[in-house]
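Here the structure is laid out as structure tokens; the discussion comes afterwards.
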Amino acid sequence: MSAARTVLRGRTVVPGVVEGEALVSADTISGWGGIDPATGTIIEARHPLAGVCFTGRILVFPGAKGSSGWSGFFQTTRLLGTGPLGMIFTVTTTKAALGAVVTRVPALADPDGDPVRLLRTGDLIRLDATAGTVELLNRAVSG
Amino acid sequence: MILTDDERRMRDGADGPAVAAAMDLLIRYAAALDAERLCTVRNVAGTTTQPSPLKARLVAEGGWDRAFSVINLDADETLPIPPMAVPTCQLQQGFGPDAAGVVPYPAEFVALQSDAEVFYGGRGVSVLATCTPYQVGNLPVRGEHCAWMESSAVVYANAVLGARTNCEGTASTGAASLTGRVPCWGNHHDEHRRGTHLVRVDTPVATFLDWGLLGYFTGDAVQEARPVVTGDHALPELTDLKHFGAAAASSGGVEMYHVPGVTPEAPTTEAAFGGAGVPEPIVYGAAERRATYERLNDQGGSEDVDFVLLGCPHASLDQIRDAARALDGRRLHPGTELWIMAPRALAAVAERSGYTAVIERAGGRVLTDSCPAMSRAAPEGTRVFATDSAKQAHYLPAILGIEAWFGSTAECVDAAVTGRWRGELR
């Protein structure tokens, strides 16, 4: 394992610290009609991560799109135990901000670099949303 | 973050634990947005009655006080819920008892929702039960600060009415209804309402179908930004702008747009950009129109249509009357159903005006309160559906695992009568 290094700095949305595997979405994510809260899975047919489960992973995505049900659907993942471990997103919207608040996971936004480009699915990262940093602990083996 | 004395009193419990929980959520939410303060609202459109398995479980555990506390206030404890502090309406919800026998929808959800209406009506929630409250009695004035959810209603309120609301959620509208507050951020500020992108229409846009296509293209092109739409378009009607905004809020996250000369905050293109200069245009021409049409129609394979859905967002009276005219004297294909979703208040007028009788003679139905996407309910065995709504074509295939065709209202009615999809871009 290589030494941890800070790859991103950003703004605290929800404070807290987690370590886990990144799940990187190149596209924005819909809540209502875009995820199945019962399984913690992205279901939008046109989405590059269609069928992929985000439960227990740090969701890295450009932002939230679509219905105002976004926050309610992500709140439901918390209540059903299928939620993500943390959130890193680029564009702050009410949907994503309220969604992170009611999912109650550490969340960071407005990063100083593009997290979708700098992080890969499978990277082991440490998200310190209180300090506003993302550290890369172990790079995923690129496929 | 700055809180007024009243807001601090609410946070500290002076108005009871539910109001304190509401303020706690609003403060966490405002911090997440980096908002400097809250603003006062007296117009909330949210959702409390919509059934779900989670809500059924919470109600069984601790009644509606528990469901509202956990879902609408993001609290852990079950708190006694006081009357709504400010006028609050219920948006679209599940199907009601009158849809029994038509819509395959769980009887326990119908019962749960009827029970919810009694509880929340008693707390002062007006059960409009539509995604288009602006059609049936909640029409905010220009400049009015609101806390609305439902992306298609939010974009209509901001862009067409000049009211000010962010795209709120279940918890923030719940908290707003008990406090009359919401974070003062985004669309509440002048500088966040001005145009960011110019969309130049180079191919004629005059029909309901074309406004939907233009909206779907625009949302994809600008995502969360604020487009200014100029060029070769006709004067839009309510239904056109309802379709445009809903489509733009589905393919992207558009909450505000301007149509210079039409929408209230854009007397001119220059004014729409607030004097910041007009950017280079994103061009919407014949090629973009066709590509958008094909994108919306890439989820259809079989041409055998077993379900036609009109009225997303909920139909206007004009749309119900037009559908009745198109169906007059015809009969639906035996294996095909046609539903028109409408606000209950307008369905009452449609029935009184005789439109509903014409639609029902043809075999179609006017349904209220909900839609197939909200309630995950379509006619038994539906494999392929057709709709004149870009939003419904966007969402329903993923929600129900069915194929979709998107086209004009006339093409959809023809599909319902023949059982075959014959749509094409003209």
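Line by line, the protein sequences are chains A and B.
With our numbering, the residue at position 112 of the first sequence is 112, and numbering never jumps.
If you count the second sequence from 1, you need to add 143 to reach our numbering.
For glycine and all other residues, C-beta sits at the position ideal for the given N, C-alpha and C.
Legend: CB atoms of the segment 44 to 65 of chain A lying less than 9 Å from CB atoms of chain B belong to residues E44, A45, R46, H47, A50, P62, G63, A64 and K65. Secondary structure at R9 of chain A: strand, using DSSP grouped into helix, strand and coil. The way I'd put it, the segment 386 to 400 of chain B does touch the segment 287 to 295 of chain B; three or more beta-carbon pairs between them come closer than 8 Å. For Y427 of chain B, the enclosing beta strand (DSSP E) begins and ends at P424 to Y427. Boundaries cannot be given for I224 of chain B, as no alpha helix (DSSP H) includes it and DSSP labels it neither H nor E.
Spanning the alpha carbons of F416 of chain B and G206 of chain B requires a straight line of approximately 49 Å. By the neighbour-count criterion, in which 16 or more other beta carbons inside 10 Å mark a residue as buried, V17 of chain A falls on the exposed side. Using a CB distance cut-off of 9 Å, T28 of chain A counts as an interface residue toward chain B. Of the residues A:G56, A:G31 and A:A38, the one whose Cα lies closest to the Cα of E44 of chain A is A:G31. Counting the other CB atoms within 10 Å of its CB gives V284 of chain B a total below 16, which places it among the exposed residues. Across the segment 165 to 198 of chain B, CB contacts with chain A closer than 7 Å involve R171, Y172, A175, L176, D177 and L197, in sequence order along the chain. Beta-bridge annotation (DSSP): M484 of chain B is paired with B:L510.
Here D128 of chain A is buried. Its C-beta has 16 or more other C-beta atoms within 10 Å. By the beta-carbon neighbour count (other beta carbons within 10 angstroms, threshold 16), A242 of chain B is buried. For G33 of chain A, a Cβ of chain B is located within less than 9 Å of the residue's own Cβ. Cβ-Cβ distances below 8 Å link P48 of chain A to S25, A26 and D27 in the same chain, with the five nearest sequence neighbours on each side left out; the list follows chain order. C232 of chain B carries a strand assignment under DSSP once its states are collapsed to helix, strand and coil. Rounded to whole angstroms, the gap between the alpha carbons of G83 of chain A and A100 of chain A is 10 Å. Taking C-beta separations shorter than 6 Å and ignoring five residues to either side along the sequence, the partners of S212 of chain B in its chain run A218, T221 and L222, following chain order. At a cut-off of 9 Å between C-beta atoms, S67 of chain A counts as an interface residue with respect to chain B. Measuring C-alpha to C-alpha distances from S195 of chain B to each of A:A38, A:G56 and A:A50 identifies A:A38 as the nearest. Among the CB atoms of chain A, none fall inside 9 Å of the CB of T552 of chain B.
For the options B:V184, B:R474 and B:G497, the alpha carbon positioned closest to that of A318 of chain B is the one of B:V184. The C-alpha of I483 of chain B is placed about 7 Å away from the C-alpha of A458 of chain B. For W328 of chain B, the CB contacts under 6 Å within the same chain, skipping 5 residues up- and downstream, are L176 and A178 in chain order.
Its chain contains C232 as the residues whose beta carbon lies nearer than 6 Å to that of S269 of chain B, once the 5 sequence neighbours on both sides are disregarded; these appear in chain order. Leaving aside the five residues that flank A174 of chain B on each side, none in its chain has a CB nearer than 6 Å to its CB. When Cβ pairs closer than 8 Å are counted between the two stretches, the segment 346 to 366 of chain B is seen to touch the segment 425 to 437 of chain B, the count reaching three or more. In this structure, the alpha-carbon of V253 of chain B lies about 16 Å from that of L201 of chain B. With a threshold of 9 Å between beta carbons, E567 of chain B makes no contact with chain A.
Counting C-beta pairs with one atom in each stretch, the segment 439 to 458 of chain B and the segment 364 to 381 of chain B have fewer than three that are closer than 8 Å, which means they do not touch. Per DSSP, the unbroken alpha helix (DSSP H) holding P115 of chain A starts and ends at P115 to L118.
Contact check between the segment 56 to 64 of chain A and the segment 105 to 125 of chain A: three or more CB pairs, one atom from each, fall below 8 Å, which counts as touching. For A107 of chain A, the enclosing beta strand (DSSP E) stretches over residues A107 to A109.
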